[in-house]
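Asker: Each protein sequence line maps, in turn, to chains A and B. Per this note's numbering, the first sequence starts with residue 1, numbered consecutively. Per this note's numbering, the second sequence starts with residue 1001, numbered consecutively. Provided herewith is a single structure, encoded as structure tokens, for subsequent inquiry.
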Amino acid sequence: MEPRPKLLSLLTALSLFLFLAALTVIFVYAPLEARMNYVQKVFYIHISTAWVGMLGFLAAAAAGIAFLVTKNLQWDIVELAAVEISLVFFLVAIITGSIWAKPSWGTWWTWDARLTTAAILELIYLAYLLLRQGIEDPERRARFGAVYTLVGGLSVPVTFLSIRLWQTIHPAIIGTASAQAQGGFAMAPAMLHTMFFALGTFSVIFITLLWHRIRLGRLAHHLEQRRLQDAE
Amino acid sequence: MIPFEISIKYLIAGYAAAFLILGLYVASLLIRWHSLKRDLETLEKLQSK
Chain A
1 MEPRPKLLSL LTALSLFLFL AALTVIFVYA PLEARMNYVQ KVFYIHISTA WVGMLGFLAA
61 AAAGIAFLVT KNLQWDIVEL AAVEISLVFF LVAIITGSIW AKPSWGTWWT WDARLTTAAI
121 LELIYLAYLL LRQGIEDPER RARFGAVYTL VGGLSVPVTF LSIRLWQTIH PAIIGTASAQ
181 AQGGFAMAPA MLHTMFFALG TFSVIFITLL WHRIRLGRLA HHLEQRRLQD AE
Chain B
1001 MIPFEISIKY LIAGYAAAFL ILGLYVASLL IRWHSLKRDL ETLEKLQSK
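This is how it looks when you write it as structure tokens:
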């Protein structure tokens, strides 16, 4: 296995620095929201993790297409890495959203269009991880994964647009919210800057983790190939 | 307005949950990496014998 690239070490250090900087910006620079008080600061983590989660699921679909076109198993490793990390980030988004909802809506969870589509999205990709483990042949597993992430990717725009397509109590922070939306707030410029800084930071963290996870996938693939050669 | 005591409680819960999940994931990456490296070394030792 090749040694860790210097760029990856730099990216890891940058991610850590940006993460600490984002926390400083959230707690020092961003103003307190008038109605929600301190709990509104959860919003920056919630929206950033949801953003990279959805982006990662789309990246997995793109890797799936790349595999179907090239038949190169490296794309399967990229696809699996993107799905796994996105699942983690999207889980954070769901849980922080639920924690934000409790004081805002008075409940941890409601079967609202956005929450339901988000839960379905998470379950779709959780099933992907479980199902692909049952396929031993790497080629078949990769083909299955590519088709699955391609079809599963359709649920990403549905989840993203759900607050605009259906009546929902989930606020649309940017753009027009439903008349029933609750817990929304007008963004002050400093809040907007903080949100974009957090989005950028989490995007860098996602890329760093993706690269680490791809290296892990390559090592696992190398080991699997060695074991298969031994068995023959 | 949500009272300070309630607001701060949910703020801590939100950040604790996020840190815990992300921290556990990073730890799982490290554990899996070292475990695979160990497996590969064992396999190479067996093959050299």
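Built from N, CA and C at the ideal position, the CB exists for glycine as well.
Strictly by DSSP, which residues pair up with Glu33 of chain A?
Answerer: DSSP, once it has assigned bridges, lists A:Asn37 as partnering Glu33 of chain A.
Asker: Kindly indicate if chain B contains any beta-carbon less than 8 Å away from that of Pro103 of chain A.
Answerer: Interface residue, yes.
Asker: As a quick exercise: from A:Val28, A:Ile47 and A:Phe67, pick the residue whose alpha carbon is nearest that of Thr201 of chain A.
Answerer: Of A:Val28, A:Ile47 and A:Phe67, the residue nearest in Cα terms is A:Ile47.
Asker: Taking the straight line between their C-alpha atoms, what separation do you get for Leu154 of chain A and Ala119 of chain A?
Answerer: So the two alpha carbons sit approximately 14 Å from each other.
Asker: Quick check: the Cα distance between Trp100 of chain A and Arg35 of chain A, rounded to an integer number of angstroms?
Answerer: One C-alpha to the other measures close to 13 Å.
Asker: Which first and last residues belong to the alpha helix (DSSP H) in which Lys1037 of chain B is found?
Answerer: Segment Phe1004 to Ser1048, the alpha helix (DSSP H) holding Lys1037 of chain B.
Asker: Do Leu209 of chain A and Leu1036 of chain B have their beta-carbon atoms positioned less than 8 Å apart in this structure?
Answerer: No.
Asker: So which of A:Glu136, A:Leu87 and A:Leu192 has the shortest CA-CA distance to Tyr1025 of chain B?
Answerer: The candidate whose alpha carbon is nearest that of Tyr1025 of chain B is A:Leu87.
Asker: What is the DSSP secondary structure of Pro103 of chain A, counted as helix, strand or coil?
Answerer: Reduced to three states, the DSSP call for Pro103 of chain A is helix.
Asker: Which chain B residues are close to Met187 of chain A, counting only those with a beta carbon under 7 Å from its beta carbon?
Answerer: Going along chain B, no residue has its Cβ under 7 Å from Met187 of chain A, so there is no contact; the nearest lies around 18 Å.
Asker: Mind listing which residues of the region 1005–1024 of chain B have their C-beta closer than 8 Å to chain A's C-betas, in chain order?
Answerer: Listed in sequence order: Ile1006, Ser1007, Ile1008, Tyr1010, Leu1011, Ala1013, Gly1014, Tyr1015, Ala1017, Ala1018, Ile1021 and Leu1022.
Asker: Can you give, in chain order, each stretch of the alpha helix (DSSP H) that sits fully within the region 70–121 of chain A and has at least 4 residues?
Answerer: 73–105, all fully within the region 70–121 of chain A.
Asker: Alpha carbons only, please: which of B:Ile1008, B:Gly1014 and B:Leu1029 is nearest the one belonging to Tyr44 of chain A?
Answerer: Comparing Cα positions, the closest option is B:Gly1014.
Asker: Given that Ala34 of chain A touches chain B, what residues does it touch there, using C-beta distances under 8 Å?
Answerer: Neighbours of Ala34 of chain A on chain B, chain order: Met1001.
Asker: Give the straight-line distance between the Cα atoms of Ser1022 of chain B and Met191 of chain A, rounded to the nearest whole angstrom.
Answerer: It should be pointed out that residue 1022 of chain B corresponds to Leu in this sequence rather than to Ser. Cα to Cα, Leu1022 of chain B sits roughly 24 Å from Met191 of chain A.
Asker: Can you list the residues of chain A that Arg1038 of chain B reaches, using a CB-CB cut of under 9 Å?
Answerer: Residues of chain A passing the Cβ test: none, with the nearest at roughly 10 Å.
Asker: Using a Cβ-Cβ cut-off of less than 9 Å, give me the residues of the region 205–222 of chain A that come near chain B, in sequence order.
Answerer: So the list reads Ile205, Leu209, His212, Arg213, Arg215, Leu216, Leu219, Ala220 and His222, given in the order they occur along the chain.
Asker: Check the C-beta distance from Trp235 of chain A over to Ala63 of chain A and give it rounded, since I have them as a contact under 8 Å.
Answerer: Any answer about residue 235 of chain A is impossible in this case: the structure gives chain A only from 1 up to 232.
Asker: So, helix, strand or coil for Arg235 of chain A, using DSSP?
Answerer: In the structure as shown, chain A starts at 1 and stops at 232, and residue 235 of chain A therefore has no counterpart that could be examined.
Asker: What is the DSSP secondary structure of Ala66 of chain A, reduced to helix, strand or coil?
Answerer: Three-state result, Ala66 of chain A: helix.
Asker: Expressed to the nearest angstrom, what Euclidean distance is found between the alpha-carbon atoms of Ile94 of chain A and Ser9 of chain A?
Answerer: If I take the Cα positions, the gap works out to 30 Å.
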